[in-house]
Amino acid sequence: MFNLLKIEFYKLRKSKLFYFFVFLSLLQALVIYSFSESLKVDGGKDALMYMLFMQSSLASNIIGGVFAADFIVTEFTSGYIKNLISYGHKRSHIFLSKSIAYYVSILAFNFSPPLVVFLIATIKRGYGEVFTFRAFLSLLGMLLFTAIAQGAIASINVLIAFVTKNMNLTIGIVVGIDFAYRIISFMSIRNSSIRWVFQKLAISQPYVIAAKESGVYEVLQILAISLLTIALCIVISNHIFKKADIK
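All residue numbers in the sequence shown are consecutive under the working numbering, ending with 272.
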(Lines of atoms letter the chains of each structure in order from A and count residues from 1; the text may use other names and numbers.)
(Lines give C-alpha, C1' and ligand atoms only; values in the text may rest on other atoms or scores of the structure.)
Protein backbone atom coordinates (compact mmCIF):
# COMPACT_ATOMS: atom_id res chain seq x y z
CA MET A 1 0.00 0.00 0.00
CA PHE A 2 2.78 2.44 0.97
CA ASN A 3 4.68 1.70 -2.25
CA LEU A 4 1.51 2.25 -4.28
CA LEU A 5 0.99 5.61 -2.56
CA LYS A 6 4.57 6.64 -3.37
CA ILE A 7 4.01 5.73 -7.01
CA GLU A 8 0.74 7.69 -7.19
CA PHE A 9 2.25 10.81 -5.64
CA TYR A 10 5.25 10.50 -7.94
CA LYS A 11 2.91 10.41 -10.94
CA LEU A 12 1.02 13.38 -9.52
CA ARG A 13 4.25 15.38 -9.21
CA LYS A 14 5.16 14.48 -12.80
CA SER A 15 1.71 15.25 -14.22
CA LYS A 16 1.78 18.27 -16.55
CA LEU A 17 -2.02 18.45 -16.45
CA PHE A 18 -1.90 18.73 -12.65
CA TYR A 19 0.36 21.78 -12.80
CA PHE A 20 -1.67 23.26 -15.66
CA PHE A 21 -4.86 23.03 -13.60
CA VAL A 22 -3.14 24.54 -10.55
CA PHE A 23 -1.99 27.39 -12.79
CA LEU A 24 -5.48 27.74 -14.32
CA SER A 25 -7.05 27.84 -10.85
CA LEU A 26 -4.62 30.54 -9.74
CA LEU A 27 -5.25 32.47 -12.95
CA GLN A 28 -8.99 32.45 -12.26
CA ALA A 29 -8.31 33.79 -8.76
CA LEU A 30 -6.07 36.60 -10.02
CA VAL A 31 -8.67 37.61 -12.62
CA ILE A 32 -11.36 37.75 -9.92
CA TYR A 33 -9.02 39.72 -7.65
CA SER A 34 -8.29 42.21 -10.43
CA PHE A 35 -11.96 42.88 -11.24
CA SER A 36 -13.54 42.62 -7.79
CA GLU A 37 -13.97 45.92 -5.98
CA SER A 38 -14.68 44.25 -2.63
CA LEU A 39 -11.45 42.23 -2.71
CA LYS A 40 -9.50 45.46 -3.08
CA VAL A 41 -10.70 46.64 0.34
CA ASP A 42 -11.34 43.37 2.20
CA GLY A 43 -9.03 42.04 4.87
CA GLY A 44 -7.66 38.52 4.74
CA LYS A 45 -10.61 36.79 6.41
CA ASP A 46 -13.30 38.37 4.20
CA ALA A 47 -11.17 37.82 1.08
CA LEU A 48 -10.81 34.14 1.95
CA MET A 49 -14.55 33.76 2.54
CA TYR A 50 -15.30 35.56 -0.73
CA MET A 51 -12.97 33.30 -2.73
CA LEU A 52 -14.32 30.13 -1.12
CA PHE A 53 -17.81 31.37 -2.00
CA MET A 54 -16.75 32.10 -5.59
CA GLN A 55 -15.24 28.62 -6.03
CA SER A 56 -18.71 27.21 -6.66
CA SER A 57 -19.18 29.65 -9.55
CA LEU A 58 -15.88 28.80 -11.21
CA ALA A 59 -14.86 25.75 -13.23
CA SER A 60 -13.40 23.88 -10.24
CA ASN A 61 -15.85 20.95 -10.46
CA ILE A 62 -15.23 20.52 -14.18
CA ILE A 63 -11.48 20.72 -13.63
CA GLY A 64 -11.82 17.96 -11.03
CA GLY A 65 -13.80 15.82 -13.48
CA VAL A 66 -11.32 16.24 -16.31
CA PHE A 67 -8.43 15.40 -14.00
CA ALA A 68 -10.27 12.30 -12.72
CA ALA A 69 -10.56 11.14 -16.32
CA ASP A 70 -6.85 11.73 -16.93
CA PHE A 71 -5.48 10.49 -13.60
CA ILE A 72 -7.78 7.50 -13.04
CA VAL A 73 -9.58 6.43 -16.21
CA THR A 74 -6.53 6.45 -18.51
CA GLU A 75 -4.90 3.85 -16.28
CA PHE A 76 -7.76 1.49 -16.99
CA THR A 77 -7.56 2.04 -20.75
CA SER A 78 -3.75 1.80 -20.82
CA GLY A 79 -3.72 -1.53 -18.98
CA TYR A 80 -1.71 -0.13 -16.05
CA ILE A 81 -4.28 -1.12 -13.41
CA LYS A 82 -4.61 -4.59 -14.96
CA ASN A 83 -0.83 -4.98 -14.63
CA LEU A 84 -0.92 -3.90 -10.96
CA ILE A 85 -3.55 -6.55 -10.27
CA SER A 86 -1.56 -9.22 -12.12
CA TYR A 87 1.52 -8.34 -10.01
CA GLY A 88 -0.47 -9.28 -6.90
CA HIS A 89 -1.51 -5.88 -5.54
CA LYS A 90 -4.84 -5.89 -3.72
CA ARG A 91 -7.59 -4.04 -5.53
CA SER A 92 -8.55 -2.22 -2.33
CA HIS A 93 -4.98 -0.91 -2.01
CA ILE A 94 -4.94 0.20 -5.65
CA PHE A 95 -8.26 1.99 -5.15
CA LEU A 96 -7.24 3.72 -1.92
CA SER A 97 -3.82 4.86 -3.16
CA LYS A 98 -5.31 6.24 -6.37
CA SER A 99 -8.14 7.95 -4.46
CA ILE A 100 -5.87 9.56 -1.86
CA ALA A 101 -3.57 11.04 -4.51
CA TYR A 102 -6.61 12.32 -6.42
CA TYR A 103 -8.05 13.93 -3.25
CA VAL A 104 -4.77 15.76 -2.71
CA SER A 105 -4.90 17.09 -6.28
CA ILE A 106 -8.45 18.39 -5.71
CA LEU A 107 -7.32 20.19 -2.56
CA ALA A 108 -4.47 21.75 -4.52
CA PHE A 109 -6.84 22.98 -7.26
CA ASN A 110 -9.44 24.35 -4.84
CA PHE A 111 -7.31 25.72 -2.01
CA SER A 112 -4.50 27.39 -3.97
CA PRO A 113 -6.63 30.31 -5.29
CA PRO A 114 -8.33 31.25 -1.97
CA LEU A 115 -5.09 30.95 -0.01
CA VAL A 116 -3.14 33.10 -2.49
CA VAL A 117 -5.82 35.83 -2.38
CA PHE A 118 -5.96 35.48 1.42
CA LEU A 119 -2.20 36.04 1.69
CA ILE A 120 -2.30 39.04 -0.67
CA ALA A 121 -5.18 40.65 1.25
CA THR A 122 -3.64 39.90 4.66
CA ILE A 123 -0.25 41.34 3.69
CA LYS A 124 -1.85 44.48 2.23
CA ARG A 125 -4.67 45.14 4.71
CA GLY A 126 -4.28 42.76 7.61
CA TYR A 127 -6.53 39.91 8.69
CA GLY A 128 -9.59 42.16 9.06
CA GLU A 129 -10.06 41.61 12.80
CA VAL A 130 -7.94 40.96 15.86
CA PHE A 131 -6.18 37.68 15.17
CA THR A 132 -6.68 35.86 18.47
CA PHE A 133 -6.22 32.18 19.19
CA ARG A 134 -9.98 31.80 18.89
CA ALA A 135 -9.89 33.47 15.45
CA PHE A 136 -7.11 31.07 14.45
CA LEU A 137 -9.18 28.05 15.53
CA SER A 138 -12.19 29.43 13.65
CA LEU A 139 -10.10 29.84 10.49
CA LEU A 140 -8.61 26.37 10.88
CA GLY A 141 -12.06 24.85 11.42
CA MET A 142 -13.47 26.55 8.33
CA LEU A 143 -10.60 25.26 6.19
CA LEU A 144 -11.00 21.76 7.65
CA PHE A 145 -14.74 21.69 6.94
CA THR A 146 -14.10 22.98 3.42
CA ALA A 147 -11.50 20.25 2.86
CA ILE A 148 -13.98 17.59 4.01
CA ALA A 149 -16.69 19.05 1.75
CA GLN A 150 -14.28 19.10 -1.20
CA GLY A 151 -13.37 15.52 -0.36
CA ALA A 152 -17.03 14.56 -0.78
CA ILE A 153 -17.09 16.09 -4.27
CA ALA A 154 -13.81 14.35 -5.12
CA SER A 155 -15.32 11.05 -3.92
CA ILE A 156 -18.20 11.47 -6.37
CA ASN A 157 -15.70 12.00 -9.20
CA VAL A 158 -13.74 8.91 -8.14
CA LEU A 159 -16.96 6.87 -8.09
CA ILE A 160 -17.85 8.04 -11.61
CA ALA A 161 -14.35 7.26 -12.90
CA PHE A 162 -14.21 3.76 -11.38
CA VAL A 163 -17.75 2.88 -12.51
CA THR A 164 -17.54 4.14 -16.10
CA LYS A 165 -13.82 3.52 -16.81
CA ASN A 166 -14.43 5.81 -19.79
CA MET A 167 -12.90 9.28 -20.23
CA ASN A 168 -15.74 10.79 -22.25
CA LEU A 169 -18.42 9.42 -19.93
CA THR A 170 -16.58 10.59 -16.83
CA ILE A 171 -16.15 14.12 -18.14
CA GLY A 172 -19.68 14.20 -19.55
CA ILE A 173 -21.31 13.08 -16.28
CA VAL A 174 -19.28 15.56 -14.20
CA VAL A 175 -20.14 18.41 -16.59
CA GLY A 176 -23.80 17.34 -16.43
CA ILE A 177 -23.75 17.37 -12.62
CA ASP A 178 -22.10 20.80 -12.64
CA PHE A 179 -24.69 22.14 -15.09
CA ALA A 180 -27.56 20.76 -12.97
CA TYR A 181 -25.95 22.27 -9.86
CA ARG A 182 -25.86 25.72 -11.46
CA ILE A 183 -29.50 25.48 -12.56
CA ILE A 184 -30.64 24.40 -9.07
CA SER A 185 -28.48 27.16 -7.56
CA PHE A 186 -30.19 29.77 -9.75
CA MET A 187 -33.67 28.39 -9.00
CA SER A 188 -32.96 28.31 -5.25
CA ILE A 189 -32.68 32.11 -5.16
CA ARG A 190 -36.45 32.52 -5.56
CA ASN A 191 -37.81 29.25 -4.23
CA SER A 192 -37.32 28.36 -0.57
CA SER A 193 -38.15 24.67 -1.10
CA ILE A 194 -35.55 24.34 -3.85
CA ARG A 195 -33.10 26.29 -1.67
CA TRP A 196 -33.61 23.78 1.15
CA VAL A 197 -32.86 20.90 -1.25
CA PHE A 198 -29.90 22.79 -2.76
CA GLN A 199 -28.30 23.29 0.65
CA LYS A 200 -28.51 19.55 1.36
CA LEU A 201 -26.62 18.47 -1.77
CA ALA A 202 -23.08 17.20 -1.23
CA ILE A 203 -21.80 19.41 -4.04
CA SER A 204 -23.28 22.48 -2.29
CA GLN A 205 -21.53 22.09 1.07
CA PRO A 206 -18.50 24.29 0.23
CA TYR A 207 -21.05 26.98 -0.72
CA VAL A 208 -22.88 26.51 2.61
CA ILE A 209 -19.59 26.97 4.49
CA ALA A 210 -18.65 30.18 2.69
CA ALA A 211 -22.11 31.71 2.33
CA LYS A 212 -22.54 32.59 6.01
CA GLU A 213 -21.12 32.13 9.47
CA SER A 214 -21.84 28.50 10.19
CA GLY A 215 -23.65 27.71 13.42
CA VAL A 216 -23.84 24.35 15.15
CA TYR A 217 -26.63 23.18 12.81
CA GLU A 218 -24.69 24.10 9.66
CA VAL A 219 -21.51 22.47 10.97
CA LEU A 220 -23.34 19.22 11.77
CA GLN A 221 -25.06 19.31 8.37
CA ILE A 222 -21.77 19.85 6.52
CA LEU A 223 -20.04 17.04 8.40
CA ALA A 224 -22.95 14.61 8.14
CA ILE A 225 -23.60 15.12 4.42
CA SER A 226 -19.93 15.23 3.43
CA LEU A 227 -18.76 12.28 5.52
CA LEU A 228 -21.76 10.18 4.50
CA THR A 229 -21.07 10.96 0.83
CA ILE A 230 -17.38 10.06 1.21
CA ALA A 231 -18.20 6.79 3.00
CA LEU A 232 -20.86 5.74 0.49
CA CYS A 233 -18.71 6.58 -2.53
CA ILE A 234 -15.71 4.71 -1.11
CA VAL A 235 -17.76 1.61 -0.29
CA ILE A 236 -19.58 1.56 -3.64
CA SER A 237 -16.47 2.36 -5.72
CA ASN A 238 -14.33 -0.23 -3.95
CA HIS A 239 -17.06 -2.89 -4.22
CA ILE A 240 -17.57 -2.27 -7.95
CA PHE A 241 -13.80 -2.25 -8.57
CA LYS A 242 -13.37 -5.56 -6.74
CA LYS A 243 -16.11 -7.18 -8.84
CA ALA A 244 -15.08 -5.63 -12.16
CA ASP A 245 -13.53 -7.62 -14.97
CA ILE A 246 -10.45 -5.53 -15.76
CA LYS A 247 -9.32 -5.97 -19.36
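Where is the CB? At the ideal position from N, CA and C, for every residue including glycine.
{"Asked": "Apart from the five residues on each side of it in sequence, which residues of its chain come closer than 7 Å, Cβ to Cβ, to ALA186?", "Found": "ALA93, ALA94, ILE97, VAL98, THR195"}
{"Asked": "Could you check whether PRO231 and LEU77 sit closer than 8 Å to each other, using their CB atoms as the reference points?", "Found": "yes"}
{"Asked": "DSSP on ASN216, reduced to helix/strand/coil?", "Found": "coil"}
{"Asked": "Looking at the structure shown, is HIS343 part of a helix, part of a strand, or coil, going by DSSP?", "Found": "Here the chain has residues from 26 to 272 only, and residue 343 is not among them."}
{"Asked": "Cβ atoms of GLU33 and LYS107: under 8 Å apart, would you say?", "Found": "no"}
{"Asked": "Please report the Cβ distance between LEU37 and PHE43, rounded to the nearest whole angstrom; I am assuming they are in contact, meaning their Cβ atoms lie under 8 Å.", "Found": "6 Å"}
{"Asked": "Note down the Cα distance separating PHE101 from ALA205, rounded to an integer number of angstroms.", "Found": "28 Å"}
{"Asked": "Kindly list the residues whose CB is nearer than 6 Å to the CB of ILE198, restricted to its own chain and excluding five residues on each side of it in sequence; keep chain order.", "Found": "ILE185"}
{"Asked": "With distances taken Cα to Cα, identify the nearest neighbour of SER103 among TYR242, ALA177, ASN191.", "Found": "ASN191"}
{"Asked": "If you run the structure through DSSP and keep just helix, strand and coil, what is LYS225?", "Found": "coil"}
{"Asked": "Candidates TYR242, SER163, SER85, ASN216: which alpha carbon is nearest ALA179's?", "Found": "SER85"}
{"Asked": "I need the straight-line Cα distance from GLY176 to TYR128, nearest angstrom please.", "Found": "6 Å"}
{"Asked": "Which same chain residues end up closer than 7 Å to VAL91 when comparing Cβ atoms and leaving out the 5 residues on each side of it in sequence?", "Found": "ILE196"}
{"Asked": "Quick one: grab the DSSP three-state call for GLU100.", "Found": "helix"}
{"Asked": "What are the boundary residues of the alpha helix (DSSP H) that VAL155 is part of?", "Found": "Note, VAL155: premise wrong, no alpha helix (DSSP H); not H, not E."}
{"Asked": "Contact between the stretch 133 to 146 and the stretch 65 to 77 is defined here as three or more beta-carbon pairs at a separation below 8 Å; is this criterion met?", "Found": "yes"}
{"Asked": "Since I believe GLY68 is in contact with ASN182 (beta carbons under 8 Å), could you give me their beta-carbon distance rounded to a whole number of angstroms?", "Found": "So it is not a contact: roughly 33 Å between Cβ atoms."}
{"Asked": "Does DSSP put MET167 in a helix, a strand or coil?", "Found": "helix"}
{"Asked": "By how many angstroms is the C-alpha of LEU164 removed from the C-alpha of THR157?", "Found": "11 Å"}
{"Asked": "So what's SER61 in DSSP terms, helix, strand or just coil?", "Found": "coil"}
{"Asked": "Using DSSP with H/G/I as helix, E/B as strand and the rest coil, what is SER82?", "Found": "coil"}
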